Amino acid sequence: MTRGISATAMAAATLFASGAVLLPTMASAQVSTASVRGQVIGADGKGAAGAQVTARSTATNQTWRATGDANGGYTLTGLRPGEYEVTATAGAETTSQLVVVAVGQSASLDLTVGGAAVPEGRIVVTGSRLSETRTSEVATNVSVTQIQRLPQTDRNFLSFVALAPGVKYNDSETDKGFTSGASTASQVNVFVDGVSLKNQLREGGIAGQQNSRGNPFGQLAVQEFRVLTQNYKAEYEQAGAAIVTAVTKSGTNEFHGEIFGQYTDKGLSEKAYLDKRNNRPEPPFERKQYGVSLGGPIIKDRLFFFGAYEGNDQNRAFNVKSSGSADAIRQFEQYSGRRLSEFEGAFVSPFRGDFYFGKLTLTPDDRQTFDLSFSRRQESDIQNFGNNTSFENAENKKNKVDTYLFKWNYNGNNFTNEFNASYLNYNFNPTSLHPELPSYDYVSVILFGGKDSTRNETQQSYTLRDDFTFTGFDGHAIKFGARVEVTDIQFDNNAYIQPRYTYRIDVPGNTDFSFPAEARLGLGSGKIQGSNTQIGLYVQDDWNVTERVQLNLGLRWDYETNGFNNHYRTPAAAAAALRALPKTYYFDPENYITDGTNRKPFAGAFAPRLGFSWDIKGDRSTVIFGGAGRYYDRNNFNNTIDELSRTINPIGIFRFSRDGQPRSGLPTIQWNPSYGTRAGLLALVASAQSAGLPELFAVKNNAKPPVNDQFSLGVRQRIGVFEASVTGSYQRGRHGYTNLFATRQNNGLGNCCNTAPVIPFGYANVLIGYDGLDTRYKALYFTLDKNYTKSSGWGLNIAYTLSKAEQNGGDLFSLDGVTPDRYGWRPKAGDERHRIVISGMVDLPLGFRFSTLTTLSSGAGYQVTDATNGFDTGALRLVTAYPVKNCIKGLFAFCEVNASLAKDVKIAGGNLEAAVDVLNLFNNKNFKDFDTFMSSTDPLVPGLIGANTITLPRRIQFRLGYRF
20 MTRGISATAM AAATLFASGA VLLPTMASAQ VSTASVRGQV IGADGKGAAG
70 AQVTARSTAT NQTWRATGDA NGGYTLTGLR PGEYEVTATA GAETTSQLVV
120 VAVGQSASLD LTVGGAAVPE GRIVVTGSRL SETRTSEVAT NVSVTQIQRL
170 PQTDRNFLSF VALAPGVKYN DSETDKGFTS GASTASQVNV FVDGVSLKNQ
220 LREGGIAGQQ NSRGNPFGQL AVQEFRVLTQ NYKAEYEQAG AAIVTAVTKS
270 GTNEFHGEIF GQYTDKGLSE KAYLDKRNNR PEPPFERKQY GVSLGGPIIK
320 DRLFFFGAYE GNDQNRAFNV KSSGSADAIR QFEQYSGRRL SEFEGAFVSP
370 FRGDFYFGKL TLTPDDRQTF DLSFSRRQES DIQNFGNNTS FENAENKKNK
420 VDTYLFKWNY NGNNFTNEFN ASYLNYNFNP TSLHPELPSY DYVSVILFGG
470 KDSTRNETQQ SYTLRDDFTF TGFDGHAIKF GARVEVTDIQ FDNNAYIQPR
520 YTYRIDVPGN TDFSFPAEAR LGLGSGKIQG SNTQIGLYVQ DDWNVTERVQ
570 LNLGLRWDYE TNGFNNHYRT PAAAAAALRA LPKTYYFDPE NYITDGTNRK
620 PFAGAFAPRL GFSWDIKGDR STVIFGGAGR YYDRNNFNNT IDELSRTINP
670 IGIFRFSRDG QPRSGLPTIQ WNPSYGTRAG LLALVASAQS AGLPELFAVK
720 NNAKPPVNDQ FSLGVRQRIG VFEASVTGSY QRGRHGYTNL FATRQNNGLG
770 NCCNTAPVIP FGYANVLIGY DGLDTRYKAL YFTLDKNYTK SSGWGLNIAY
820 TLSKAEQNGG DLFSLDGVTP DRYGWRPKAG DERHRIVISG MVDLPLGFRF
870 STLTTLSSGA GYQVTDATNG FDTGALRLVT AYPVKNCIKG LFAFCEVNAS
920 LAKDVKIAGG NLEAAVDVLN LFNNKNFKDF DTFMSSTDPL VPGLIGANTI
970 TLPRRIQFRL GYRF
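Just so you know, our numbering puts 411 at position 392 of the sequence shown, and the rest follows in order with no gaps.
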């Protein structure tokens with residue numbers, strides 16, 4: 020349910036006589052705009068035929084107009100989120116209403132002229148946000164008030180997606196993003212002013228959020244946003260899970276601006292529990308964020324500007340501390356000639372981020388609005404070290420995301436057209452700090468030397484989109500649109516330019532730290548370029564069947580010209596290697612061999628959407644709603660490009676032993692110290708035909724894109740000043756992409772691996788792409804909302820999720836079973852049975868304000884390898900374990916309470932705000948990284964104390980800002 024509902028109920032008693040009635044809607048909202056539909060009621064209590072309705076923006080004076088039909092019905096579409104004065108005129112009678120509409124909202128407002136009595140039980144609103152009770156979508160609107168007032172660890176507006184049930188925000192210090200249901204992070208999407216920020220390169224879902232602690236878009240530039248958890252309409256694309264659609268701020272007829280700064284550091288933080296427990300010094304920590312914005316008129320009522328800048332500077336230290344046994348550490352120091360103390364300690368991980376945004380808005384008349392905007396997100400982040408990974412092995416993850424947008428809205432008689440032209444340029448450039456050094460991985464003890472890869476990946480997306488809404492047919496709001504996106508990819512992955520040596524202590528395998536068990540070396544270097552055109556068409560009809568029943572009917576079709584590297588030609592040696600392998604029920608060699616014409620674009624991505632709502636009493640007090648729909652996403656470029664990447668940039672794999680005898684069924688080479696350099700490995704390749712062979716990756720010719728089928732049924736109920744909802748949800752995901760071994764023993768059905776058939780063709784092993792990852796998600800959502808209003812001085816929002824998320828297989832690799840189905844269903848890593856998010860705010864005397872954001876969870880599941888019955892295929896299992904509940908007397912495993920106390924002071928026509936945030940108020944530990952292996956001789960250690968924590972210890976954060 021949306022967050023704009025309950026303010027209307029609270030205002031009803033005092034505003035009953037204003038002459039406006041809020042009713043369910045039929046109008047169709049655009050991705051970044053809103054719509055209002057209703058009825059003008061005359062003095063006789065009947066619909067006022069031909070009534071004139073206008074909505075004037077109080078910010079720009081732009082006016083939208085509509086004419087009522089024979090029953091007084093009207094529709095206003097294409098409204099930009101904000102405050103409007105809605106006026107209805109019937110004959111000589113006029114009434115006005117001040118309302119606020121939210122992004123993506125389809126609200127309704129009935130207006131009474133001539134002093135007619137308001138029908139009993141209906142709600143009157145003035146100066147409040149309109150609500151959206153009668154909708155089949157499961158959605159939550161987050162207002163600018165919530166963004167500004169609720170405490171957060173840093174200024175990432177996505178942290179507030181947690182206010183929506185079924186959605187989880189990952190507040191990691193090194194990887195910030197969000198997930199929904201049982202889907203991966205790659206299946207979400209974020210729209211800002213209608214521009215899709217979809218990451219087409221890699222997992223992560225959002226461009227720039229791949230293992231990043233940065234923010235996808237400057238919070239200072241965000242006006243508000245909407246979280247669509249489930250059953251969203253056909254206008255939304257490129258997502259199989261939750262969608263966030265945000266709108267940016269714009270200039271108005273008055274100058275408005277803001278300047279802010281916030282700060283916290285080591286001296287304002289508690290010492291972490293694990294640092295105390297392990298007798299480690301408190302590591303350095305400092306975070307400062309600052310920014311400025313300004314907007315206003317260039318030509319009054321016509322041309323406006325807005326600009327914003329945000330800076331984000333963080334120094335967060337991570338401890339390098341080996342988890343190796345005493346014997347392993349002794350061997351490491353004996354054979355490597357290095358001391359472990361050279362690598363251990365606390366090392367600073369600096370992050371620097373800058374965000375720029377500029378926007379021009381032109382309103383030449385009341386029918387047209389033009390927007391031209393630009394944003395840049397640029398950051399550097401030295402990370403990927405800590406625990407058993409040395410600082411020497413770190414990399415600098417450099418991100419840059421640029422967006423350009425031109426938007427034209429035209430409001431005609433009975434229609435609205437919205438045209439967008441956008442460009443996104445995303446560059447991801449993780450760079451090794453020491454590319455000149457080989458890397459040495461002494462398993463369980465320490466990884467040192469240079470990071471084994473430096474990448475430079477660029478995504479350029481050119482998008483044209485048009486959405487047309489027609490309201491000329493009584494009872495219908497018909498919307499249809501088209502979208503064309505051309506995405507150009509450049510992929511430069513310099514992996515293993517210097518070799519990586521892996522050392523293992525494995526008694527059965529006769530290896531120890533005196534020589535490496537394995538080495539990897541890049542044997543080529545070249546850029547990969549690709550282009551893909553995506554086409555999307557949709558039609559949507561929001562149909563008021565009766566005054567109480569609404570149907571939402573939609574159909575979407577998406578098409579990609581190059582979704583699976585369609586023009587790739589299988590090299591002759593690769594084709595011969597594939598044909599040398601046994602055909603099985605999951606692998607047909609011919610389905611992985613192509614001459615450039617065998618991979619046809621998938622044309623079957625038809626996605627029907629069906630929703631309904633039934634206002635039982637006709638007064639919005641009780642509404643039953645539900646929906647069903649199909650949602651196609653796409654595979655990331657990285658998932659399907661490996662076959663080409665491994666051809667252009669092959670990675671040689673060397674397996675070493677003491678005596679050159681096979682190990683685990685795989686051939687080895689007797690170790691010689693001369694192989695300890697890049698030159699030595701290259702000489703080995705030149706002298707031995709089977710040395711340093713690369714792995715072959717092959718993509719399935721008829722693989723399908725991932726798809727998610729969603730079903731929901733729920734009820735919304737008004738209870739005094741509160742709006743409550745209960746929703747049952749079921750989601751079924753299919754065709755997720757993963758990689759399997761094609762070289763299994765026993766004719767492809769046994770253990771890994773029999774590589775003898777492929778070695779003569781120059782390959783060490785063969786992995787095949789497989790579209791068989793499945794997920795399922797069952798949940799019950801409960802929300803209770805009383806939105807903040809200035810008149811009441813308080814607000815409370817509660818979101819509870821009871822859920823079970825399951826999957827088969829692994830993730831990108833499913834190598835522990837023959838196929839994903841052989842894994843069976845199990846709870847997914849990250850599965851939470853119970854999750855409660857409570858947000859609230861209250862105005863206090865003397866200009867003080869208090870707010871809180873509290874998250875309670877039963878704990879996220881984590882994957883455990885169960886070798887109790889051995890390591891053979893069919894015996895080895897993946898299971899899910901959960902953290903021990905150690906919060907609030909064993910009720911929860913995760914608890915975080917954030918609180919804020921703010922004081923407002925009026926100065927020079929503006930508002931000075933000073934605030935103190937206490938983050939993780941009760942200093943809950945919230946562990947992660949538990950024991951993940953068990954066998955008959957090695958029982959699983961319960962998830963009581965992990966190697967790391969999800970949240971930082973209690974800390975104080977100061978904020979100071981001025982708005983005018």
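For every residue, glycine included, the Cβ atom is placed at its ideal position computed from N, Cα and C.
Remember, it's a predicted structure, so these values are computed and weren't measured experimentally.
Buried versus exposed, by CB contacts within 10 Å (16 or more), residue i
i, result
"Lys416", "buried"
"Asp384", "exposed"
"Gln350", "buried"
"Ile83", "Residue 83 is actually Trp in this sequence, not Ile. Counting Cβ neighbours within 10 Å, Trp83 comes out buried, since at least 16 surround it."
"Thr44", "For Thr44, the predicted model reports a pLDDT of 36, less than 50, meaning its position is unreliable; a value from the coordinates is still stated below. Flag for Thr44 reads buried."
"Phe760", "buried"
"Val924", "exposed"
"Phe492", "exposed"
"Ser664", "buried"
Range of the contiguous beta strand (DSSP E) that encloses residue i
i, result
"Ile915", "The amino acid at residue 915 is misidentified as Ile; the sequence shows Glu. It spans Phe913 to Ile926 - the beta strand (DSSP E) in which Glu915 sits, taken as one unbroken run."
"Ile670", "Ile670 to Ser676"
"Arg567", "Arg567 -> no beta strand (DSSP E), and no H or E assigned at all."
"Gln736", "Val726 to Ile738"
"Leu424", "Glu414 to Gly431"
"Thr477", "Ser472 to Phe489"
Residue i vs residue j beta-carbon contact at 8 angstroms
i, j, result
"Tyr901", "Gly878", "yes"
"Gln206", "Ala260", "yes"
"Gly880", "Pro846", "yes"
"Leu182", "Val726", "no"
"Thr794", "Asp850", "no"
"Gln882", "Asp936", "no"
"Tyr328", "Phe374", "yes"
"Arg973", "Asn917", "no"
"Val837", "Thr871", "no"
"Asn334", "Phe304", "yes"
"Asn584", "Gly543", "no"
"Val214", "Ser441", "yes"
Inter-residue spacing [alpha-carbon to alpha-carbon] between residue i and residue j
i, j, result
"Pro302", "Phe410", "14 angstroms"
"Val718", "Asp485", "34 angstroms"
"Trp690", "Arg674", "9 angstroms"
"Tyr605", "Asn758", "12 angstroms"
"Asp560", "Phe489", "10 angstroms"
"Asn563", "Ile497", "11 angstroms"
"Lys619", "Leu834", "28 angstroms"
"Val186", "Ala824", "12 angstroms"
"Asn655", "Thr762", "25 angstroms"
"Leu910", "Ala336", "32 angstroms"
"Ala158", "Glu289", "37 angstroms"
"Pro590", "Tyr520", "29 angstroms"
"Glu102", "Thr198", "32 angstroms"
"Thr968", "Lys947", "5 angstroms"
"Gly140", "Glu566", "For Gly140, the predicted structure reports a pLDDT of 32, less than 50, and the residue's modelled location is therefore unreliable. The matter cannot be settled from this model."
"Pro681", "Thr687", "5 angstroms"
Segment limits, alpha helix (DSSP H) that includes residue i
i, result
"Pro713", "It is not in any alpha helix (DSSP H) - Pro713 instead sits in the beta strand (DSSP E) that spans Leu712 to Ala717."
"Gln165", "Val163 to Arg168"
(request) Report yes or no: do the segment 308 to 319 and the segment 270 to 282 share at least 3 C-beta pairs separated by less than 8 angstroms? (result) yes
(message) Using a Cβ distance threshold of 8 angstroms, determine whether the segment 226 to 234 contacts the segment 413 to 431, with at least three qualifying pairs required.
(response) Contact between the segment 226 to 234 and the segment 413 to 431 is present: 3 or more CB-CB pairs across the two stretches fall below 8 angstroms.
(message) Under 8 angstroms: do the segment 161 to 172 and the segment 745 to 763 share three or more Cβ pairs, one atom per stretch?
(response) no
(message) Does the structure place the segment 359 to 377 close enough to the segment 429 to 443 that three or more beta carbon pairs sit under 8 angstroms?
(response) The segment 429 to 443, when compared against the segment 359 to 377, does not touch it at the 8 angstroms Cβ threshold.
(message) Whether or not the segment 71 to 88 and the segment 103 to 118 are in contact is what I'm after, with contact meaning three or more pairs of Cβ atoms, one per stretch, closer than 8 angstroms; do they touch?
(response) The answer is yes - the segment 71 to 88 touches the segment 103 to 118, with three or more Cβ pairs under 8 angstroms.
(message) With three or more C-beta pairs closer than 8 angstroms as the rule, is the segment 801 to 810 touching the segment 773 to 788?
(response) no
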